[in-house]
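Here the structure comes first, spelled out in C-alpha cells, and everything after it is commentary.
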Amino acid sequence: GVLQTCSGRLRRVGVHPDPEGAEGRGSPTGTANKPNPFVTREREEKSAHPERGDQLGDQRKGCSRFRGAMAEAKGAEAKDAGEGSKAAAEDEVIDWGAAMEQCGDDEEFLRELLVDLKDELSEQNDKLVEEFGKSSPSADWPTVVKFAAHSMKGASANLMVKGLTTVCSELEKKAKASDADSDADRADAKAMAADVQRELTRFTDYLESDAFTAGAK
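Residues 8 to 224 in the working numbering are what the sequence shown lists, from first letter to last.
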C-alpha cells in the first residue's frame, strides 16, 4: 500500500515511477526509440519548476528508505521466526517424525511403544529414587546409578525422547566418573538424577495430555 502511494505521488507530478527504465527497455510495441512522454514531461517540469524537482527527489528518497526499512523488517521477522522454530524444537518432548521412522510410519504402533516406554522408564527411575533416598549410600552406588541411567538413556533414545535421553546420558557419564566414597560426586549425581526425574515427568505428562490422546504430535 505504501509503495503504491509512492508511485502515485510520482504520477501526480507527471512522472513514471521508473522513468529511466520506461524509456527504451524492450517496449513490446516497438516504440523503444520514441521519446517517453513521461520522461519528457519530467524534464520540462524540472526546467520550469526546479523546486518541484527537489520535491520529486525527496519523494524518491523517501520511497527508497521505505523499501530499505521493509527489507530490514522482513529480515527481522525471518530471524524471529527461525528463533521461534528453534525454541519450539528444543521444547519438543519427542521428535515425532524420527520416532515414526523408527516404527515404519505406524503411528498406532508408536503410541503403544511410548506407553510401554513409560512403564520401563518409571521402573528404572525408581532405582534412582531408592538409591538417592538412602541415608547411607550403597557401597557401589555409582554402578547402580550408571546401569539405571544407561537403561533409561537407551530406551528413550530408541523412541526419540530427546530431553530425557540427554539428561540420562549426562547422569551415566557422571556415575562412571564418580568415586563411591566421594560425597561431592554423590551430591552432583543426585542433582543430575533430579533432572532425569523432571524430564521423565515431562514425558509422562505429555502422554497424558490432550495433544497425545487426541492423536496430535
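Ideal Cβ placement from N, Cα and C applies to all residues, glycine included.
Run through DSSP, which three-state label would residue i get?
i, result
"V168", "strand"
"A221", "coil"
"T38", "A caution first: T38 carries a pLDDT of 46, below 50, which makes its placement in the model too unreliable to give a value."
Here's the rule I'm using: 16 or more other beta-carbon atoms within 10 Å means buried, otherwise exposed. How should residue i be labelled?
i, result
"S185", "buried"
"T220", "exposed"
"N132", "buried"
"E215", "exposed"
"G170", "buried"
"K181", "buried"
"E179", "buried"
"S189", "exposed"
"S143", "exposed"
"E130", "exposed"
"E115", "exposed"
"A259", "With the chain covering 8 to 224 only, the question about residue 259 has no answer from this structure."
"A162", "buried"
"E137", "exposed"
"K141", "exposed"
"A218", "exposed"
"A155", "buried"
Roughly how far, in whole angstroms, is the beta-carbon of residue i from the beta-carbon of residue j, given that I think they are within contact range, below 8 Å?
i, j, result
"A201", "P149", "About 17 Å separates the two Cβ atoms, so there is no contact after all."
"I101", "V174", "Between V174 and I101 the Cβ distance is about 15 Å, and since that is not below 8 Å, they are no contact."
"A106", "L117", "6 Å"
"V152", "A198", "Actually they do not touch by this definition, with Cβ atoms about 12 Å apart."
"L135", "L166", "At roughly 20 Å, the Cβ-Cβ gap does not stay under 8 Å, so L135 and L166 are not in contact."
"S145", "K160", "Actually they do not touch by this definition, with Cβ atoms about 21 Å apart."
Segment contact, 8 Å Cβ cut-off, at least three pairs: the segment 202-210 with the segment 119-134 = yes
query = Fully enclosed by the segment 89-167, which alpha helix (DSSP H) runs are 4 residues long or longer?
reply = 103-109, 114-139 and 148-165
query = What are the complete alpha helix (DSSP H) segments, minimum 4 residues, inside the segment 177-216?
reply = Runs of the alpha helix (DSSP H) inside the segment 177-216: 190-214.
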